[in-house]
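Everything below concerns the one structure shown next.
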Amino acid sequence: MKKKYTADYLIEKRKHLWTNNRSLEKDKQFTSLVALEICNDNDLKNEIISNPEKLIELCFIIVDKDKNTVPYFFNEVQRDFVKKLNKAIDDYNKGLITDISLLILKGRQQGFTTLVTAYQLSCTILNKNFEGYTLADVNDNVESIFQNKAKFMYNQLPYNLKPTEKYNTKRQLIFEKLNSSWSIDSATENVGRSKTINFFHGSECAFWKHGIAKTQAGLGEALTKNAIKIYESTANGFNDFRTMWKNNEYINCFYVWWLTNEYKTEFESEEIKNQFLNNIDIKSDWIYERLRWLKYEKKLLDTQLYWYFNKYNKYIDKELIKQEYPCFEDESFLSSGKCYFDKEIIVGRIMKIENRKPLKIGYFSYTFNNNKISNINWCNDEKGYIRIYEDVKKGHPYVLGGDTAGEGSDNFTGQVIDNNNGHQIATLKRTFDEDEYARQMYCLGMYYNEALIGIENNYSTYPTKKLKEYNYPNIYIRETEDNIADKIQDKYGFVTNKATRPIILGILKEIFRDNIDWINDIDTLKEALTFITNEKGRPEAQLGEHDDLIIGLAITYYIRTQQRYTVLIEQKEEDIQLPFELQDDDNYIDELVGW
727 MKKKYTADYL
737 IEKRKHLWTN
747 NRSLEKDKQF
757 TSLVALEICN
767 DNDLKNEIIS
777 NPEKLIELCF
787 IIVDKDKNTV
797 PYFFNEVQRD
807 FVKKLNKAID
817 DYNKGLITDI
827 SLLILKGRQQ
837 GFTTLVTAYQ
847 LSCTILNKNF
857 EGYTLADVND
867 NVESIFQNKA
877 KFMYNQLPYN
887 LKPTEKYNTK
897 RQLIFEKLNS
907 SWSIDSATEN
917 VGRSKTINFF
927 HGSECAFWKH
937 GIAKTQAGLG
947 EALTKNAIKI
957 YESTANGFND
967 FRTMWKNNEY
977 INCFYVWWLT
987 NEYKTEFESE
997 EIKNQFLNNI
1007 DIKSDWIYER
1017 LRWLKYEKKL
1027 LDTQLYWYFN
1037 KYNKYIDKEL
1047 IKQEYPCFED
1057 ESFLSSGKCY
1067 FDKEIIVGRI
1077 MKIENRKPLK
1087 IGYFSYTFNN
1097 NKISNINWCN
1107 DEKGYIRIYE
1117 DVKKGHPYVL
1127 GGDTAGEGSD
1137 NFTGQVIDNN
1147 NGHQIATLKR
1157 TFDEDEYARQ
1167 MYCLGMYYNE
1177 ALIGIENNYS
1187 TYPTKKLKEY
1197 NYPNIYIRET
1207 EDNIADKIQD
1217 KYGFVTNKAT
1227 RPIILGILKE
1237 IFRDNIDWIN
1247 DIDTLKEALT
1257 FITNEKGRPE
1267 AQLGEHDDLI
1277 IGLAITYYIR
1287 TQQRYTVLIE
1297 QKEEDIQLPF
1307 ELQDDDNYID
1317 ELVGW
């Protein structure tokens, strides 16, 4: 009787052959025999169909990081992820979960794009009516994944494992008899609408130009109910990927850099090694504090510590080490670049309040007649654009600053603070017509005890002009110099210029440093993380990000000096109490002084 082989047995045989010979020619001879065995042994074929990853280690060939052509055997983190994926598929089939969606948060070059690409290719070869689909962040990566990974692996397969091709283009493989396909594209808002996808792979999704949410909306109903969905990326600040990571709707898979076995560096000499280890114990720089933690808490090898140290030293922007090779989850989401504010403080505040919900979300309804606003009412709406974190309090003084849509932004914003304690208590953010923005700001200001309102006038004076027309009672007034009349004039609204911009941002920077607990809005804090100092030293939103809420809040804190700081306490006559009771005679004064 012919001997029966299992996939695991054959994989171990292939590994043994490669370890002893390191011969690609002998490996190809072996994989050709394995391919024949798969075609002739239905039990082996069914085992591989049920476990597509086994075909990868049986027959796939890749180009490794050192540009060597080698058999594809999984590394430590790849093997762990395959186990998690198989468990998710098994749990779905048992009805324990309703969706197969996994997120991979990783360090650089741990091999997940290669793994998921190989897995999809294996599924495409083994299954009928399969449609795999990958989205990458940019076109260069699209070409790299398809040509250097998928096509190379496919072309190296034994001929009898290659199905009959219908199309084999620059971005797509279609197998005619199987009616199966795998294709790749760059992530845009309208991708995948005409597809029926069994397996979706989002590569470096934290860097997608249009964000993950818009791309998911573009996919629409393309994904089947049992589709496998894998999103993998290094982190890129507090964006859609981080939101997905924190919302507990996905199976999160975090892989620290030291789980990748090859991340080690040998010392040049024993003297260098001793000096390095001694520095870890005595020096106080951030990198040495981190190395002490890795050495004594995480028990890393000296060669791993040296690898991390050398990687850190090669970065011009040292903060990149946290994003590219994170040691814990939250660290990886810290944005790189020269953040204007203290990132650690901001991240700490986000982590503390990210599960808190606003007190109310909605907008204001009103009656508008004869250029007057009346009948103002709050409308609760989960999709509303005003977020209230603390409701109005009687007698409290409030300030409302606003930033209008202008260069690089489509949003109008408003920020409300309680001027008695400085706390941020409400925000407004939306794309508006200017008159509607002015009306909502009017309503928001009236709601908060006729708050002092100051709106930026740089790109348009129209909202401030409308507030005056509506007879809003408390508008910020700035002083300007009339050069002709040689006197100071009062004008409504705030102007951000070379003189005022550094001042308002400096005030906000101090508040974020010393009183971060005043800030209650997550979106404002996220904007702060991407507000950087550019190469010319100018604080601004980094490319592709916005600063509407930051500028609005900076204006708010700056103009607060035109609003009182104290709480007005109204006492009814019956509430007034004296320390004695008036008598009918004239002795009450004597009683007061103790005579």
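Just so we're aligned, residue 727 is where the sequence shown starts under the numbering used here, counting upward by one.
Cβ atoms here follow ideal geometry from the backbone N, Cα and C, with glycine treated the same way.
From a predicted model like this one, the values you see are computed outputs, not experimental measurements.
- Distances from the alpha-carbon of Gln1001 to those of Met1167, Tyr1032, Arg834 and Trp934 put Tyr1032 closest.
- Straight through space, the alpha carbons of Thr969 and Gln804 are spaced by roughly 24 Å.
- For the pair Glu857 and Ile782, the Cα-to-Cα distance works out to about 18 Å.
- With fewer than 16 other CB atoms across the displayed protein chains lying within 10 angstroms of its CB, Cys765 is exposed.
- The beta carbon of Leu883 sits closer than 7 Å to those of Cys785, all from its chain and outside the five residues before and after it, given in chain order.
- The DSSP assignment places complete beta strand (DSSP E) segments of no fewer than 3 residues inside the segment 1234–1265 at 1257–1259, in order along the chain.
- Nearest in C-alpha terms to Glu958, of all of Thr840, Ile1181 and Arg1113, is Thr840.
- If you ignore the 5 residues before and after Asn801, its C-beta comes within less than 7 Å of the C-beta of Gly837, Thr986 and Asn987, all in its own chain and listed in chain order.
- Of the residues Tyr1066, Glu763 and Tyr1173, the one whose Cα lies closest to the Cα of Leu1234 is Tyr1066.
- Residues Lys972 and Ile1248 of the same chain have their beta carbon placed closer than 8 Å to that of Glu1080, with the five preceding and five following residues left out of the count.
- As DSSP reads the structure, His927 sits in a beta bridge with Thr860 and Ile956.
- Listed in chain order, the non-local C-beta contacts of Val796 below 6 Å within the same chain comprise Asp790, local neighbours out to five positions each way being set aside.
- The criterion of a C-beta distance shorter than 8 Å is satisfied by Gly1121 and Leu1294.
- Within the DSSP secondary-structure output, Asp1129 pairs in a beta bridge with Thr1139.
- Within the DSSP secondary-structure output, Gly1088 pairs in a beta bridge with Asn1106 and Ile1112.
- When rounded, the separation of the alpha-carbon atoms in Lys1224 and Phe872 is 49 Å.
- Pairing Leu1251 with Gln1141 gives a Cβ-Cβ distance that is not under 8 Å.
- With three or more CB-CB distances shorter than 8 Å, the segment 1075–1093 counts as touching the segment 1104–1122.
- Of all alpha-carbon atoms in Leu831, Asn772, Tyr1092 and Gly1219, the one lying nearest the alpha-carbon of Phe967 is that of Leu831.
- Taking 8 Å as the cut-off, the beta carbon of Val868 is found closer than this to the beta carbon of Ile910.
- When Thr1153, Ile1277, Arg748 and Leu1178 are compared, the shortest CA-CA separation from Asn794 is found for Arg748.
- A Cβ-Cβ contact shorter than 8 Å links Tyr1218 with Tyr1202.
- Straight-line spacing of the CA atoms in Glu1160 and Gln1150 works out to 24 Å.
- Between Ile1229 and the set Pro1199, Ile1242, Ile1281 and Gly1180, the nearest pair of CA atoms involves Ile1281.
- Collapsing the DSSP output to three states places Val1118 in coil.
- Apart from sequence neighbours up to five positions away, the residues of its chain that approach Lys1064 with a beta-carbon distance below 7 Å are Ile1258 and Thr1259, ordered along the chain.
- Remark: C-beta atoms of Phe1220 and Asn1183 approach each other more closely than 8 Å.
- Separation of Trp1104 and Trp983 (C-alpha to C-alpha, rounded to the nearest whole angstrom) is 50 Å.
- Taken in chain order, the whole beta strand (DSSP E) runs of length 3 or more contained in the segment 1161–1196 are 1178–1181.
- Look at Asn1101 here: in three-state DSSP terms it is strand.
- About 19 Å separates the beta carbon of Thr895 from that of Thr914, a gap too long to meet the 8 Å contact definition.
- For the pair Leu750 and Ala733, the Cα-to-Cα distance works out to about 20 Å.
- Within the same chain, and ignoring the five residues on either side of Lys903 in sequence, the residues whose Cβ sits closer than 6 Å to its Cβ are Thr890.
- Your pair Asn1246 and Gly1148 does not check out as a contact, with CB atoms roughly 11 Å apart and the cut at 8 Å.
- The Cβ atoms of Gln1288 and Leu1154 do not sit closer than 8 Å to each other.
- Ile1006 and Lys1021 do touch by the CB rule: their CB atoms are close to 6 Å apart, below 8 Å.
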